[in-house]
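Reading through the structure tokens given below for one structure.
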Amino acid sequence: MSTLKNIFGLFLLLTCSVAVAEEPLVCPNANATVSGMDTADFVMVCEAVADTAKLMSSLGFNTSAHLEIEILDDASRSLHPIPIIGLFNAKVRRVEIVDYATHLAGTRLGRPFGLPPSRELHYSFIVHEVSHAYTHENTRFTRLSTVAHEYIAYVVQFSMMPAELRESILDRIDVPAFTCDEEISEVYLNLNPSYFAVKSWRHFIKLENGKAYINAILNGEHLCDE
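Take the sequence shown: its letter number 30 is residue 81 in our numbering, and every next letter is one higher.
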């Protein structure tokens, strides 16, 4: 799996040609088109798409779909009613994510997981939203619940985090794993997304869950809408 340290080389490759792009650009290392960004954001997004596709392929997802991603320079431009870091707009099949500068300013976006903004954390949220896009493409004819989508997205996000970042979140949010499907609820997700994320990750890494549980979700055996 490629990591953030690979970004520097790609950054050098693209610096002369991107600067601030007005037209959408196709990632050289991933099947995605990105619009509304400067060089650094473009490189980070492309790396996130490539890494997410590789990981989700290993979990049984088809990641051949071409993704459209828009980088926003103001959280208020998002289609979401409140400022957030990112979202996947299923109606138009597009990922929207604020640029790193907006996340770094952080005044309207809060502190996800109680942590200050960082490039690694921002990268993980790009991964989160890209995973939503791939999950959508794999379940367009399946009634997958909101919590199923978020469970998968947080599992992929935590999988892609640097170990130090992941452990700092797990140390900060000391809650146990979900113990059954009934606990993985939309009510809990809405009450505390960060706790939902940690409980999902701890549930996923149990020996009896992992990839098999993800595949069961995709097959409609867990966390499906009634």
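C-beta atoms are modelled at their ideal positions from N, C-alpha and C, and glycine is treated no differently.
In the pairwise beta carbon analysis, the segment 138-154 is classified as not touching the segment 209-217: fewer than three pairs are separated by under 8 angstroms.
By the 16-neighbour rule on beta-carbons within 10 angstroms, residue 192 is exposed.
When C-alpha distances from residue 248 are compared across 164, 174, 98, 184, the shortest belongs to 164. Within the DSSP bridge table, the entry for residue 84 names 77, 119 as partners. In the three-state reduction of the DSSP assignment, residue 148 falls in the strand class, which pools E and B.
When rounded, the separation of the alpha-carbon atoms in residue 223 and residue 252 is 14 angstroms. When secondary structure is reduced to three states using DSSP, residue 274 falls in the coil class, being assigned neither helix nor strand. Judged by DSSP in its simplified three-state form, residue 229 adopts coil rather than helix or strand. At a Cβ-Cβ threshold of 8 angstroms, residue 120 and residue 143 do not count as neighbours. In this structure, residue 110 keeps its C-beta atom at 8 angstroms or more from the C-beta atom of residue 82.
By the neighbour-count definition (other C-beta atoms within 10 Å, threshold 16), residue 78 is a buried residue. Ranked by how close their Cα comes to the Cα of residue 182, the residues 271, 220, 103 have 103 in first place. Following the DSSP letters along the chain, one finds residue 138 inside the beta strand (DSSP E) bounded by residues 137-140.
Excluding the 5 residues flanking it on each side, residue 271 has same chain C-beta neighbours closer than 7 angstroms at 193, in chain order. Residue 146 places its beta carbon 8 angstroms or farther from that of residue 91. Here residue 186 is near residue 200, since their CB atoms are less than 8 angstroms apart. Sequence-distant Cβ neighbours of residue 84 in its own chain, meaning closer than 8 angstroms and more than five residues away, are 75, 76, 77, 78, 117, 118, 119, 120. According to the DSSP assignment, residue 105 belongs to the alpha helix (DSSP H) that extends over 90-109. Sixteen is the threshold: when 16 or more other Cβ atoms of the shown chains lie within 10 Å of the Cβ of residue 250, as they do, the residue is buried.
Going by DSSP, residue 170 is part of the alpha helix (DSSP H) stretching over 170-189. Per DSSP, the continuous alpha helix (DSSP H) segment holding residue 251 begins and ends at 244-255. DSSP lists 275 as the bridge partner or partners of residue 195.
A residue is called buried once 16 or more other Cβ atoms fall within 10 Å of its Cβ, and residue 233, having fewer, is exposed. Only exposed fits residue 258, as fewer than 16 other CB atoms lie within 10 angstroms of its CB.
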